[in-house]
Structures are given as C-alpha cells and as structure tokens.
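Residue numbers (the numbering used here): 617 to 985.
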Amino acid sequence: MSWREDALKKCLEKIKRNIEGIGEKFPHVAYEGRYNNEKASFWTAGFWPGLLWLLYMEKKEDSSLKLARRLEERLDEVLDGFVTLHHDVGFMWLPTAVIDYKLTGNPESRIRGLKAASHLAGRFNLAGRFIRAWNDDTAAGCQGWAIIDCLMNIPLLFWASKETGDPRFCQIADAHAATVLDAFIRPDYTSAHIVRFNPCTGEKIENLGGQGKGPDSSWSRGQAWAIYGMAIAFRETGKGEYLEAAEHTAEYFLSHLPEDKVPYWDFRCDLKERYALDSSAAACAASGLLEIAGLVKEAERKEYYRCRAGGILKSLYENYADFSADTQGILQKGTVNFPKNKHINVPIIYGDYFFTEALIKWARMTNIF
C-alpha cells in the first residue's frame, strides 16, 4: 500500500470514528483533542458534513449519509432565517446540499443549493463587480469589502447556472473572478486578503490586512484560496487569464515554502512569528494544485503539479497528521488568525476536509468545489 492509499484509508477510518464523537455539531477548531461546536450560521458549518459525504462517496457508509443529512437539515434554520447569511454560503452548502444532490439526487438538497446561490448572487455589487464580504455587524463601513476567500464560494454560482440554465449566476461569478484578478492579485502574484472598494462607485480604495500580517503581506491560506479559486474560474469559463493566474500564484506559494512544505501563517511574517504554521493552507493548496493538474494540457505540466501536490500531501501525512484516537482532528498545526492571536497551531476542520479531498482527488480526480 502506498503512503497515499494509507493516508486516505486512515482519514476515512478517523472520519467514521468521529461520527460518534462529533455527532450533530458544527466544529471549527480542536483543543485538548476535542473539536468545538459553533453556531449553525458559522462559516465552517459545511466542512464536517462535507467530510461525512467524502466518507459516503468512498465507502457508501450509511451512518455518514444519515448524519450528513441531519446536519444539512439543521442548516435550514440558517438558510431560511436569512439575516445571518453571509458570503460563505458556498463553503456551507456546496459540501452539504449540493454534494447530496449530486450523489443521491435528493430534490430538497437541490432547492437548498439554489437558495444559497440566489443569496450569494444577491450580494453582488454591480458598480465594483464584486461579491460583498460579511455583514454590517463585522465592522463600520464594510459595505465595500471583498475578500480572497470568496473566490472559493463562486463554484456555487457556476453550479447554479448549469443546474438551471440561467446564465446570470455564472456571469456574476465570472465578474467577481475578474475583479479578483484585477484588484487582489499583485504583480508578484501574491494576493491581498481584504480589498476595500467604494460601494457606490466601485472604485478600489485600499488593501486591508485581515488575517495576514499586513495590507501588503502574503497570508498563506489566502494564497491557497487564490490558487484553487482561479483554477476553478478557468475550469468553468475557459478564460486563459484565470489559469495563468492560478499557475503564477501557485509558483509563488511553492517557491516560498519551508523545507517541510507546510507554510507559516504568512509568507512575509517575521522570524520570531514562524512558529505559527498553517497546515490547512497546505492542504487547500495541494487540492488546488491537483485541480490545475487536471486542467493543463501538457503532460509534463500535469506531472509537475501532481508531483508538487504529492510532496505537500506526503509531508502532511508524515509530519502533521494524527490518526490516533487521542484527537478528533486529523491535521495538526493549523492557524486561523495570528494577528488576533486566535487558534494558533491547532487542528482546523477545513484542514481535515481539504486534506481528505486532495487524497481522493489524487486517486480519481473528483471535486466538489
């Protein structure tokens, strides 16, 4: 058995064990071996059900389907309650309702996915051609904020267009991706985390630091979102500039990795801050690299991206994964928000998700996002 096969086998076994331990919770980060429980409206609510669907997809594990479906139904209070919805509806309903519909044909799941897509489309700022981030309770004057993370939500819009035949969804997704390319991606192919626009005129005002070290730094998970999101934008539109951006942002990520191929929380952080790592950024980037590998035409480029993704995944498997019963988390040493001293070097549920997704993608090039 290869290390990749062993890694996937152990991930699936751990997800199955966690069914009893985590149950109907919405985890985010783990402390002392146990995942916490967030409100259903929290942006990471889709990743535990997403892991359950990955288990079902690979093993047809009935218990994972039943629990994933119950969690999906619990999210109805958020979807229909409306007021707590935000830009991350893609992260919440792609790995729950949309994958449910794709795998089982559940008509209620289709409706949930389309409701979420309609909400995301409703956040589009026409003047600035971006999808607004967060809500008014986040910060004063944030009506013109957009974030790199949202590039990973636009697959919900691409799916909705294909599902309904209505081009408006994909037009919004394409416009947002074009704005990211123009306003977020710098000449050195690093990405800003937050960009502030004038919400009335659409004019770009400035970059904001967000979860990176500063406005002009290179937050490693944001760089991973850019790699993966730009690859998806190319996959869905065929526009070469998106693939070019995906490849260039990937090269920056790869060329700035430390020896063990797992980045610090920010590529431009100070030496004294390099104790804070982000395994979740590595896992997301690896899955994005495999996405690129499936899109480029040249055989040598395909092999290059698969090899680089494999190097990251192997390091995660050998150095950061814990498959024991001592912790519910799979990947250790993820960092959520270093500037706010929030959740540093801990397991993060989306790190586990993207690690498992990438291992499955390596085996048979499937995707949810």
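All C-beta atoms, glycine included, are put in the ideal place defined by N, C-alpha and C. Just so we're clear, the structure is a prediction, and the values are computed from it rather than from any experiment.
Item: Expected contact under 8 Å - CB spacing of W709 and L772 to nearest Å; Value: 7 Å
Item: CA-to-CA distance, G828 to Y880, given in whole angstroms; Value: 11 Å
Item: N983: first and last residue of the uninterrupted beta strand (DSSP E) it sits in; Value: Per DSSP, N983 belongs to no beta strand (DSSP E) and is neither H nor E.
Item: Residue range of the alpha helix (DSSP H) that includes W619; Value: W619 to I638
Item: W775 - containing alpha helix (DSSP H), residue span; Value: P771 to T780
Item: Simplified DSSP assignment, three categories, for K829; Value: coil
Item: For D790 and G738, the rounded distance between their alpha carbons; Value: 15 Å
Item: Beta carbon of A902 nearer than 7 Å to that of A974; Value: yes
Item: Beta-carbon spacing of S836, A897 below 7 Å; Value: yes
Item: Secondary structure of F730, DSSP reduced to three states; Value: The question names Phe, but residue 730 in the sequence shown is Leu. Helix at L730.
Item: Close Cβ partners of E677 (< 7 Å) along its chain, the five nearest in sequence each way excluded; Value: K632 and L671
Item: According to DSSP, residues forming a beta bridge with D882; Value: W835
Item: Unbroken beta strand (DSSP E) run spanning R739, endpoints; Value: Run containing R739: none; DSSP gives neither H nor E here.
Item: Limits of the unbroken alpha helix (DSSP H) element including F869; Value: G856 to S871
Item: Through-space distance from W664 to P723, alpha-carbon basis; Value: 22 Å
Item: Buried or exposed (CB count within 10 angstroms, at least 16 for buried), I821; Value: exposed
Item: Closest residue to H644 among I984, I976 and V962 (Cα-Cα distance); Value: V962
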